[in-house]
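Following: one structure in structure tokens, then a few remarks.
Protein chains: 2
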Amino acid sequence: MPPAQHQTQLMSQLTTQPKTQLIALDWGTSSLRAYRLGAHGETLELRALPCGVMQLPATDGDDKTGFENAFEQACGDWLRTAPDTPVIAAGMVGSRQGWQEVPYLEVPIAVDHIGAGLSTLRSRDGQLIHIVPGLIQNSMLPNVMRGEETQVIGVLNTLGAVSGAPGQDVLVGLPGTHSKWVQIHRSKTQNQVAHFDTFMTGEVYAALCGHTILGRGMQAAGNESDTGAAQRAFERGALVAQTAAGQAGVLSTIFSTRTLGLTGVLDGAGQSEYLSGLLIGHEIAALQTMLRDQGRQAAQVMLVGEASLCERYAQVLRTYGFGKIEVVAQATQRGLWQLALMAGLLKHT
Amino acid sequence: MPPAQHQTQLMSQLTTQPKTQLIALDWGTSSLRAYRLGAHGETLELRALPCGVMQLPATDGDDKTGFENAFEQACGDWLRTAPDTPVIAAGMVGSRQGWQEVPYLEVPIAVDHIGAGLSTLRSRDGQLIHIVPGLIQNSMLPNVMRGEETQVIGVLNTLGAVSGAPGQDVLVGLPGTHSKWVQIHRSKTQNQVAHFDTFMTGEVYAALCGHTILGRGMQAAGNESDTGAAQRAFERGALVAQTAAGQAGVLSTIFSTRTLGLTGVLDGAGQSEYLSGLLIGHEIAALQTMLRDQGRQAAQVMLVGEASLCERYAQVLRTYGFGKIEVVAQATQRGLWQLALMAGLLKHT
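Quick mapping for you: the protein sequence lines, in order, are chains C and F.
Each residue of the first sequence is one higher than the one before, counting from 14 in this note's numbering.
Each residue of the second sequence is one higher than the one before, counting from 14 in this note's numbering.
Take a look at the structure:
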């Protein structure tokens with residue numbers, strides 16, 4: 014495109030599009046989501062690219078070229094249209110396999126300190142990119158997150174001012190491939206990430222279905238359209254962890270997926286639902302035991318993630334007696350916006 | 014081979030080989046082992062074929078032809094040499110996917126009743142084959158075994174006469190792809206299979222290493238020849254289940270395999286050993302909890318299986334305070350021999 018024509022198009026875009034205030038990137042292992050955010054943090058435009066940190070298109074030589082190319086694809090035109098827009102990115106982009114490694118910040122940590130701890134890198138075009146650090150919990154079994162800290166901040170933003178509910182702890186649940194459960198202590202002066210746990214439930218479920226004998230029974234023809242039976246199988250699985258037999262733990266109870274198939278209790282689709290409920294049930298039961306042992310009780314559970322998965326978790330949480338459960342949408346873009354505010358990247362809100 | 018020559022060879026075999034008393038087949042999912050047993054149950058000859066129930070060579074039409082062909086390969090010549098020899102088979106050969114389905118017998122059951130409950134089928138050559146039934150434990154989480162009941166009987170045989178230790182319970186452990194733990198109640202009159210549990214530890218370990226992010230870290234170069242470091246990593250993993258953090262359960266603790274890699278505590282080989290110890294530790298800890306809840310204490314633990322795996326389990330059992338631990342060899346052929354005796358298949362012993 015000749016420069017004159019390009020200029021014309023830019024002018025036309027500027028007159029028809031609301032002003033871009035922030036470009037926010039959610040750059041994970043398998044995908045890259047780019048948000049163009051407006052004056053109040055509202056999403057003006059969203060792009061989803063299959064350019065996760067572990068799935069970048071192959072490039073010759075410099076291993077950073079893949080990141081540069083993906084960045085250009087994601088928001089190059091947005092930046093040419095609005096060159097002074099700040100850019101913030103969260104997720105695996107800041108890992109050892111990412112564009113630039115950003116050291117973890119240590120838990121417990123006040124949420125405000127995360128916003129004050131962004132790192133920066135410059136793209137080949139000179140664009141400054143602010144990268145959100147992940148969190149680490151150093152203990153006998155260390156724990157890490159990258160990206161979820163941003164969603165947690167987005168969730169907390171929906172709760173309003175800190176002074177609104179001092180002393181009430183909040184449990185933020187992020188179900189997915191690796192579920193995270195984040196305990197937030199709320200005081201009059203700050204929100205603190207106090208503790209978090211990881212459960213590999215989603216990835217274990219996929220590995221068991223795809224690569225063990227449990228998946229073989231699931232291939233048997235079942236009445237797939239019978240959602241009532243599927244729901245009952247899920248509930249049956251979810252209850253296992255709270256029974257005496259559930260004390261045997263996941264390595265043992267999962268085998269019942271197969272034996273309930275062998276004995277004709279569950280069809281193929283039922284076995285799949287049962288295993289899903291069984292694993293989530295073990296996760297929630299363990300979470301409950303740990304909270305009890307720590308003398309903590311979450312006044313409120315906030316869930317973030319894919320809607321149908323959040324509904325599964327909400328159901329099991331209710332089964333295990335958790336009270337107030339809320340599903341929060343748009344946590345990532347809210348969190349990136351809040352972090353940009355904390356870091357002073359936004360001139361006005 | 015012309016008949017005359019065949020006859021000559023048979024004669025020569027008869028004069029040089031000890032008399033075959035029993036042909037015993039251990040016919041599992043992935044392999045078939047055929048034992049030619051002598052006058053006192055000693056192994057005269059052993060053949061291992063890759064002809065498990067799920068790995069039979071493809072055949073046209075009749076789905077039983079694969080079993081017939083494998084049977085011929087395994088012991089056709091033995092039977093032509095000694096045509097009146099009884100044949101007994103245990104394992105998945107009696108499952109729904111096997112040569113002929115043999116219904117499970119229900120636990121609790123006296124060991125002698127298993128030997129009285131063999132089924133029979135006839136091969137296309139008219140050979141009678143006695144098939145050992147598997148065991149089922151009907152409960153909310155049903156449990157099944159096929160083949161392990163035979164190994165348990167072999168183990169009990171090494172304990173000598175029932176009257177030797179009445180009232181002392183024995184715990185038989187069969188570590189492997191699916192570990193089984195079998196509680197035997199010993200009274201003056203009988204050995205009873207009272208209860209058993211299954212742990213999918215071996216298969217879960219393989220699925221986690223091969224098909225989750227945990228395997229990725231294991232590929233990192235480590236000092237593979239440092240057996241001391243490997244042993245320490247295994248022990249570190251084995252201890253996890255008995256700590257406060259271990260209360261989070263397997264779905265959560267396995268993630269530490271990755272984080273101990275990320276934080277530089279474990280190299281690639283160390284992560285693999287750590288995960289092995291961690292899973293076995295969770296298995297033994299759960300077993301201990303269940304025995305305690307049932308008010309039982311095993312006077313003796315007998316292990317059957319691959320030698321190095323039994324050594325891993327013995328080590329973790331000691332860590333968790335189990336006392337007398339013994340590894341038993343040749344349990345399968347001993348068990349098949351005992352079952353043939355119980356069933357009256359052997360004219361004299």
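Ideal Cβ placement from N, Cα and C applies to all residues, glycine included.
Whose Cβ in chain F lies nearer than 7 Å to the Cβ of Pro155/C? Listed by position along chain F, the residues whose Cβ is nearer than 7 Å to that of Pro155/C are Ser269, Thr272, Leu273, Thr276.
Endpoints, the alpha helix (DSSP H) within which Ala243/F is located: Where Ala243/F is concerned, the enclosing alpha helix (DSSP H) starts and stops at 240-252.
**Report entry** Backbone secondary structure at Thr276/F - three-state DSSP
**Finding:** Looking at Thr276/F - three-state DSSP - the assignment turns out to be coil, as it is neither helix nor strand.
Review point. Is the Cβ-Cβ distance between Gly215/C and His191/C less than 8 Å?
Key: Yes, the Cβ-Cβ distance between Gly215/C and His191/C is below 8 Å.
Determine the burial state of Pro116/F: buried for a count of at least 16 other Cβ atoms within 10 Å of its Cβ, exposed for fewer. In the assembly as shown, Pro116/F is an exposed residue. Its beta-carbon has fewer than 16 other beta-carbons within 10 Å.
Partner residues on chain F for His191/C, Cβ-Cβ distance less than 9 Å
Ordered by position in chain F, the residues that pass the 9 Å Cβ test against His191/C are Ile226, Phe268.
Contact test: Gly107/F Cβ vs the ligand PLP heavy atom, cutoff 7 Å:
Ligands are entirely absent from the displayed structure, and the ligand PLP is therefore not among its contents.
_Between Val263/F and Leu264/C, how many whole angstroms is the CB-CB distance? I'm expecting something under 8 Å._
At roughly 6 Å, the Cβ-Cβ gap stays under 8 Å, so Val263/F and Leu264/C are in contact.
Kindly indicate if chain C contains any beta-carbon less than 8 Å away from that of Gln310/F. Not an interface residue.
- prompt: Helix, strand or coil: which one does DSSP assign to Glu339/C?
  reply: If DSSP states are grouped into helix, strand and coil, Glu339/C belongs with the strands.
> By how many angstroms is the C-alpha of Thr56/F removed from the C-alpha of Ile101/F?
Replying inline: Those two C-alpha atoms are separated by around 14 Å.
Distance, Glu296/C Cα to Glu114/F Cα:
Across the structure, Glu114/F and Glu296/C are spaced so that their CA atoms are roughly 37 Å apart.
TODO: Find the nearest neighbour of Glu162/C within the set Thr72/C, Arg325/C, Tyr326/C, Val317/C, judged by alpha-carbon distance.
DONE: Taking only the C-alpha atoms, the option nearest Glu162/C is Val317/C.
Can you name the start and end residues of the beta strand (DSSP E) that Val183/F belongs to? Going by DSSP, Val183/F is part of the beta strand (DSSP E) stretching over 183-187.
Listing by chain order, which chain C residues have their CB less than 9 Å from the CB of Val253/F?
Below the 9 Å Cβ cutoff, chain C contributes Met153, Leu154 as neighbours of Val253/F, in chain order.
Inset, instruction - Please compile the residues from chain D whose C-beta is within a distance smaller than 9 Å of the C-beta of His295/C. - result: Absent from the structure: chain D. Protein chains present are C and F.
Is it buried or exposed, His53/C, if we count other Cβ atoms within 10 angstroms and call 16 or more buried?
With fewer than 16 Cβ atoms within 10 Å of its Cβ, His53/C is classed as exposed.
Given 8 Å as the limit, is there contact between the stretch 279-298 of chain C and the stretch 276-286 of chain F, that is, 3 or more CB pairs closer than that? Counting C-beta pairs with one atom in each stretch, the stretch 279-298 of chain C and the stretch 276-286 of chain F have fewer than three that are closer than 8 Å, which means they do not touch.
**Message:** I'd like to know whether the C-beta atoms of Thr33/F and Ala95/F end up nearer to each other than 8 Å.
**Reply:** Yes, these two residues count as a Cβ contact at 8 Å.
Is the CB of Leu76/F under 8 Å away from at least one CB in chain C? Checking the displayed sequence, the identity of residue 76/F turns out to be Asp instead of Leu. Not one chain C Cβ lies under 8 Å of Asp76/F.
*asked:* Among Arg60/C, Leu59/C, Asp76/C, whose alpha-carbon lies nearest the alpha-carbon of Met67/C?
replied: Between Met67/C and the set Arg60/C, Leu59/C, Asp76/C, the nearest pair of CA atoms involves Asp76/C.
Nearest CA to the CA of Leu187/F: which residue from Trp40/F, Met105/F, Ala327/F?
Comparing alpha carbon positions, the residue from Trp40/F, Met105/F, Ala327/F closest to Leu187/F is Ala327/F.
Q: For Leu169/C, collect the residues of the same chain with a Cβ closer than 7 Å to its Cβ; drop the 5 residues on either side in sequence, then sort them by chain order.
A: Same-chain partners within the cutoff: Val124, Ile197, Asn204.
Practice problem: Give the secondary structure of Tyr333/C by DSSP, where H, G and I count as helix, E and B as strand, and everything else as coil. | Solution: Secondary structure at Tyr333/C: coil, using DSSP grouped into helix, strand and coil.
| request: Report the residues of the stretch 298-322 of chain F with a CB closer than 7 Å to any CB of chain C, ordered along the chain. | output: Shown in chain order are the members of the stretch 298-322 of chain F whose Cβ falls below 7 Å from a Cβ of chain C: Ala299, Thr302, Met303, Asp306.
Practice problem: Note the first and the last residue of the continuous alpha helix (DSSP H) segment covering Thr302/C. | Solution: That run of the alpha helix (DSSP H) goes 281-306.
Asp125/C lies in the alpha helix (DSSP H); which residues open and close that run? Asp125/C -> alpha helix (DSSP H) spans 124-128.
_Can you tell me whether Gln307/C is buried or exposed? The criterion is at least 16 other CB atoms within 10 Å of its CB, across all chains shown._
So Gln307/C counts as exposed.
| query | Of all the options Arg271/C, Arg159/C, Ser269/C, Leu45/C, which has the alpha carbon lying nearest to the alpha carbon of Arg60/C? | reply | Nearest C-alpha to Arg60/C: Leu45/C.
- Quick one: complete beta strand (DSSP E) runs, 3+ long, within the stretch 81-160 of chain F? Fully enclosed beta strand (DSSP E) runs of 3 or longer: 100-103, 132-135, 141-144, 148-150, 156-158.
Worksheet entry | chain C contacts made by the stretch 101-124 of chain F, where a contact means CB separation under 7 Å | So the list is empty, because no residue satisfies the distance condition.
When you compare only the Cα positions, how much space is there between Pro146/C and Gln164/F?
Straight-line Cα distance between these residues: approximately 55 Å.
### Query
Taking a cut of 7 Å between CB atoms, which residues from the stretch 60-72 of chain C lie near chain F?
Those residues of the stretch 60-72 of chain C that come within reach of chain F (Cβ to Cβ, closer than 7 Å) do not exist; the list is empty.
Report task. Check the Cβ-Cβ distances between Leu279/F and every residue of chain C, and say whether any is below 8 Å. Result -> Contact with chain C is absent for Leu279/F, since none of that chain's Cβ atoms lies less than 8 Å from the residue's Cβ.
Nearest to Leu322/C (by Cα), restricted to the options Val278/C, Phe247/C, Ala353/C, Ala103/C
Out of Val278/C, Phe247/C, Ala353/C, Ala103/C, Phe247/C has the C-alpha closest to the C-alpha of Leu322/C.
ask   = So what's Ala344/C in DSSP terms, helix, strand or just coil?
value = The three-state secondary structure of Ala344/C, taken from DSSP, is helix.
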